[in-house]
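Here the structure is laid out as structure tokens; the discussion comes afterwards.
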Amino acid sequence: MDHSGQARSALAEAPNEALPSDCRPNFSGAWLTKDKFEVNKTYECWYTLGISKVHIYQAGFFDCDAKDPSTIEMFIRYLILFMRILKSWYVSGVLYWHWRWEAVAGVIAGFCTSIMTVILFALLRKFFSCIYQLSVVRRFTLPFNKIRLRRVCFLLAYVSFTSWLAVQYLRRIGLPEIAVFYSM
Numbered sequence: 001m002d003h004s005g006q007a008r009s010a011l012a013e014a015p016n017e018a019l020p021s022d023c024r025p026n027f028s029g030a031w032l033t034k035d036k037f038e039v040n041k042t043y044e045c046w047y048t049l050g051i052s053k054v055h056i057y058q059a060g061f062f063d064c065d066a067k068d069p070s071t072i073e074m075f076i077r078y079l080i081l082f083m084r085i086l087k088s089w090y091v092s093g094v095l096y097w098h099w100r101w102e103a104v105a106g107v108i109a110g111f112c113t114s115i116m117t118v119i120l121f122a123l124l125r126k127f128f129s130c131i132y133q134l135s136v137v138r139r140f141t142l143p144f145n146k147i148r149l150r151r152v153c154f155l156l157a158y159v160s161f162t163s164w165l166a167v168q169y170l171r172r173i174g175l176p177e178i179a180v181f182y183s184m
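In UniProt numbering, the protein residues as written are 1 to 184.
Here's what the structure looks like:
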């Protein structure tokens, strides 16, 4: 909406996005709308290619979004950029040859350091995981060992008490004298 209350057509792009070509207005359409809106005021509008009417929506600006490149595509772009930088250094001469090789060595050392750091953290994570698993196993086997020890101690106490009771009973009935009498 402009300052007179009429709905006007406008299109704006976010500075960090590049919209596909079918979402972009032509230059004359964008230039004609510049005088119809107040400066430093935010307008949310819906742009449709080929239609001169504007519908103000709160949902967003466009019916299509910028497409983010994939990780592989970004890696390829960085690799191409890196190769172009190295090629430009090589073609431009040997003026800063020593500094350039130090920069390349620094980049390689940085990559190696980051890779070694990631490997170190992965190894530490595995190490701590093994320690945790051992502590869990120990935590679970410790009660089982306590139960087994209690059972063995109870069995020894039972056998000892039963043996003592049997010896006392045999003494009462006089079994040792009978054994001595028959052995003679």
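Ideal Cβ positions, reconstructed from N, Cα and C, are used throughout, including at glycine.
Whose C-alpha, out of Ile108, Pro143 and Ser70, is nearest the C-alpha of Phe82? Comparing Cα-Cα distances from Phe82 to each of Ile108, Pro143 and Ser70, the minimum goes to Ile108.
Kindly indicate which three-state DSSP category Gly106 falls into: helix, strand or coil? Helix.
Distance, Cα to Cα, Arg171 vs Leu165? Their backbone Cα atoms lie some 10 Å apart in a straight line.
When DSSP labels each residue in this structure, what does Pro69 get in the three-state scheme? In this structure, Pro69 counts as coil in the three-state DSSP scheme.
Ser163 to Pro143, Cα distance in whole Å? Each residue's Cα considered, the two are about 30 Å apart.
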